[in-house]
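Worksheet for the structure shown next.
Number of protein chains: 2
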Amino acid sequence: MKQRTKARGPRPSSIARVPGIDYAGLDGILGYALRRAQLAGFEAFHGATAGVDITPPRYTALVIVGANPGLTQSTLGAVLGTARSGAMLLTDWLEERGLARRRRLAGDARAWGLYLTPRGKALSSRLRRRVKAYDAAFARRLSSRELGTLRRLLDKLVGAP
Amino acid sequence: MKQRTKARGPRPSSIARVPGIDYAGLDGILGYALRRAQLAGFEAFHGATAGVDITPPRYTALVIVGANPGLTQSTLGAVLGTARSGAMLLTDWLEERGLARRRRLAGDARAWGLYLTPRGKALSSRLRRRVKAYDAAFARRLSSRELGTLRRLLDKLVGAP
DNA sequence: TATTGTTATACTCTATAACTATA
DNA sequence: TATAGTTATAGAGTATAACAATA
Numbered sequence: 001m002k003q004r005t006k007a008r009g010p011r012p013s014s015i016a017r018v019p020g021i022d023y024a025g026l027d028g029i030l031g032y033a034l035r036r037a038q039l040a041g042f043e044a045f046h047g048a049t050a051g052v053d054i055t056p057p058r059y060t061a062l063v064i065v066g067a068n069p070g071l072t073q074s075t076l077g078a079v080l081g082t083a084r085s086g087a088m089l090l091t092d093w094l095e096e097r098g099l100a101r102r103r104r105l106a107g108d109a110r111a112w113g114l115y116l117t118p119r120g121k122a123l124s125s126r127l128r129r130r131v132k133a134y135d136a137a138f139a140r141r142l143s144s145r146e147l148g149t150l151r152r153l154l155d156k157l158v159g160a161p
Numbered sequence: 001m002k003q004r005t006k007a008r009g010p011r012p013s014s015i016a017r018v019p020g021i022d023y024a025g026l027d028g029i030l031g032y033a034l035r036r037a038q039l040a041g042f043e044a045f046h047g048a049t050a051g052v053d054i055t056p057p058r059y060t061a062l063v064i065v066g067a068n069p070g071l072t073q074s075t076l077g078a079v080l081g082t083a084r085s086g087a088m089l090l091t092d093w094l095e096e097r098g099l100a101r102r103r104r105l106a107g108d109a110r111a112w113g114l115y116l117t118p119r120g121k122a123l124s125s126r127l128r129r130r131v132k133a134y135d136a137a138f139a140r141r142l143s144s145r146e147l148g149t150l151r152r153l154l155d156k157l158v159g160a161p
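Sequence order for the protein chains is A and B.
To convert, note that position 77 of the first sequence is 77 in our numbering; the numbers rise steadily by one, no gaps.
To convert, note that position 104 of the second sequence is 104 in our numbering; the numbers rise steadily by one, no gaps.
And the structure:
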């Protein structure tokens, strides 16, 4: 393992159904059902990254920088839906661990281009494989037909093309 | 309005699709699709609670205490899937705003029972109506048939009966 | 011994505002 | 003026650990 063995910090747990509790229509809310499902998906991620000190946004940053070398921090922020300052902290985190480097871009002296180091590339590819496998195991709770339907409905819900 | 008019703190925004970016299979991950959908649902919640200083866990605490008077903090924590210390902070928050009260329970001198005040009940019922309406508007992006399918698949995914 | 609530501490995630250097 | 990055600050959410009172 390259990173610390213990993931610290908040790990949102799934929402257990407590017997005898009146949920007062809370479980009739679509947003609540989505939240529960998302937490179940998070657990798959957590299993995939056990033993590696990483979190979902950090994983996303790692993968996105890996697939888009030379990306600027602003663009990374746009992809993550986060403010520039957050993209900077993520970049710091990657750089401190030797996973990525900032390099000056030719066209614009204000911006940095982000690039994974060999170590970052190795971690990215290892984790991508693991996350994919765990996610597939999670998705296997549905038939492939159901899964296709679910993906279509989720896309429609968020207005994806 | 009874609460502060401005909700502060982090409001997770939705994940925009940035053109020209290689997502490297990230969007093939079910957990990622669920996350995007959940954020869209969160926006519905945010619209419903505009002008009221409340967050999803605080809203959940308000509703759950309202529907289960005499609930202990430990049970509230179990419902929310959070540690006791978190349930305590939520209870403090409710109490500071005059929305709930702690009262000693007869059976166990260690535990507090939680009860909404009239003000808490009023806020709870107003917000429940608004959240339900906004959630319904959000859900209307799907046909009622699709919605039924989605709910069934989400329940199956989290292993709900 | 175990549980309830509490306090203390820490870390992640996110945001806004003000600043600098550059465009 | 506008943008990229940075710094400072703040609040929300979550966790663990240790403690007192009670079971």
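Built from N, CA and C at the ideal position, the CB exists for glycine as well.
*At which residue ranges does the stretch 10-74 of chain A contain complete beta strand (DSSP E) runs of 3 or more residues, listed in the order of the chain?*
Qualifying beta strand (DSSP E) stretches: none in this window.
*Is any heavy atom of the ligand FAD found at a distance shorter than 6 Å from the C-beta of residue 16 of chain A?*
Inclusion of the ligand FAD in the displayed structure is not the case, the ligand content being empty and no account of it being possible.
*Residues of chain A with CB under 7 Å from residue 26 of chain B, in chain order?*
Residues of chain A whose Cβ lies closer than 7 Å to the Cβ of residue 26 of chain B are, in chain order, 60 and 63.
*Spell out a yes or no on whether the stretch 81-89 of chain B and the stretch 39-55 of chain B are touching, meaning 3 or more CB-CB pairs, one atom from each, closer than 8 Å.*
No: fewer than three Cβ pairs fall under 8 Å.
*Under 7 Å between C-beta atoms, does residue 148 of chain B make it to chain A?*
Taking Cβ atoms only, chain A never reaches closer than 7 Å to residue 148 of chain B, which makes this a no.
*So residue 114 of chain A is in the alpha helix (DSSP H); what residue range does that whole segment cover?*
It is not in any alpha helix (DSSP H) - residue 114 of chain A instead sits in the beta strand (DSSP E) that spans 112-116.
*Report, in whole angstroms, the separation of the C-beta atoms of residue 157 of chain A and residue 37 of chain B, which I expect to be a contact under 8 Å.*
Correct: roughly 5 Å between the Cβ atoms.
*Please name the residue, chosen from A:98, A:64, A:118 and A:108, that lies closest to residue 87 of chain A on a Cα-to-Cα basis.*
Of A:98, A:64, A:118 and A:108, the smallest CA-CA separation from residue 87 of chain A is found for A:64.
*Can you grab the Cα-Cα spacing for the pair residue 104 of chain A / residue 91 of chain A, in whole Å?*
Distance between the alpha carbons of residue 104 of chain A and residue 91 of chain A: 14 Å.
*Just by C-beta distance, which residues in the stretch 116-142 of chain A are closer than 8 Å to chain B?*
Taking a C-beta cut-off of 8 Å against chain B, the contacting residues of the stretch 116-142 of chain A are 128, 131, 132, 135, 138, 139, 141 and 142, listed in chain order.
*Counted within 10 angstroms of its Cβ, other Cβ atoms place residue 107 of chain A as buried (16 or more) or exposed*: Residue 107 of chain A comes out exposed.
*If we count the other Cβ atoms within 10 Å of its Cβ and call it buried at 16 or more, is residue 97 of chain B buried or exposed?*
Buried.
*Does the beta carbon of residue 50 of chain A come closer than 7 Å to any beta carbon on chain B?*
Cβ-Cβ to chain B under 7 Å: no for residue 50 of chain A.
*asked:* Among A:52, A:69 and A:18, whose alpha-carbon lies nearest the alpha-carbon of residue 23 of chain B?
replied: Nearest C-alpha to residue 23 of chain B: A:69.
_residue 8 of chain A versus residue 125 of chain A - alpha carbon distance_ = The predicted position of residue 8 of chain A is uncertain, since its pLDDT is 46 and thus under 50; no value can be drawn from it.
*Using 7 Å as the limit for Cβ to Cβ distance, is residue 54 of chain B near chain A?*
Put simply, the CB of residue 54 of chain B is far from chain A, with every gap to its CB atoms at 7 Å or more.
*For a contact meaning CB atoms closer than 8 Å, what does residue 38 of chain B contact in chain A?*
Under the 8 Å cutoff, chain A gives 31, 34, 35, 37 and 38.
*Rounded to a whole number of angstroms, what is the C-alpha to C-alpha distance between residue 28 of chain B and residue 26 of chain A?*
CA-CA distance, residue 28 of chain B to residue 26 of chain A, rounds to 29 Å.
*Flag this pair as yes or no: are the beta carbons of residue 146 of chain B and residue 34 of chain A separated by less than 7 Å?*
No; because the gap between Cβ atoms is not below 7 Å, this pair is not in contact.
_Can you check whether the C-beta of residue 22 of chain A is within less than 7 Å of a C-beta belonging to chain B?_
Taking Cβ atoms only, chain B reaches closer than 7 Å to residue 22 of chain A, which makes this a yes.
*Give the residues from the stretch 72-100 of chain A that approach chain B closer than 8 Å (Cβ to any Cβ), ordered along the chain.*
Along the stretch 72-100 of chain A, going in chain order, the ones with a CB nearer than 8 Å to a CB of chain B are 75, 78, 79, 80, 81 and 82.
*Assign residue 100 of chain B to buried or exposed, taking buried as 16 or more other Cβ atoms, counted over all protein chains shown, within 10 Å of its Cβ.*
Classification of residue 100 of chain B: buried, given that the 10 Å Cβ count is 16 or more.
*Beta-carbon neighbours of residue 151 of chain A, restricted to chain B and to distances below 7 Å*: Ordered by position in chain B, the residues that pass the 7 Å Cβ test against residue 151 of chain A are 33.
_Would you say residue 70 of chain A lies against chain B (beta-carbon separation less than 7 Å)?_
Using a CB distance cut-off of 7 Å, residue 70 of chain A does not count as an interface residue toward chain B.
_Please tell me whether residue 51 of chain B and residue 116 of chain B are closer than 7 Å, where the distance is taken between their beta carbons._
No, Cβ-Cβ distance for residue 51 of chain B and residue 116 of chain B is not below 7 Å.
*Using a Cβ-Cβ cut-off of 7 Å, state whether residue 154 of chain A counts as contacting chain B.*
Interface criterion met: the Cβ of residue 154 of chain A is under 7 Å from a Cβ in chain B.
*C-beta contact flag for residue 102 of chain B and residue 112 of chain B at 7 Å*: Yes, these two residues count as a Cβ contact at 7 Å.
*Can you find a CB in chain B that lies within less than 7 Å of the CB of residue 157 of chain A?*
At least one chain B Cβ lies under 7 Å of residue 157 of chain A.
_Taking a contact to mean a Cβ-Cβ separation below 7 Å, would you say residue 150 of chain A touches residue 139 of chain B in this structure?_
In this structure, residue 150 of chain A lies away from residue 139 of chain B, with their beta-carbon atoms at least 7 Å apart.
_Of the listed residues A:128, A:74 and A:141, nearest to residue 85 of chain A (C-alpha basis)_ = Checked all of A:128, A:74 and A:141; the closest Cα to residue 85 of chain A is A:74.
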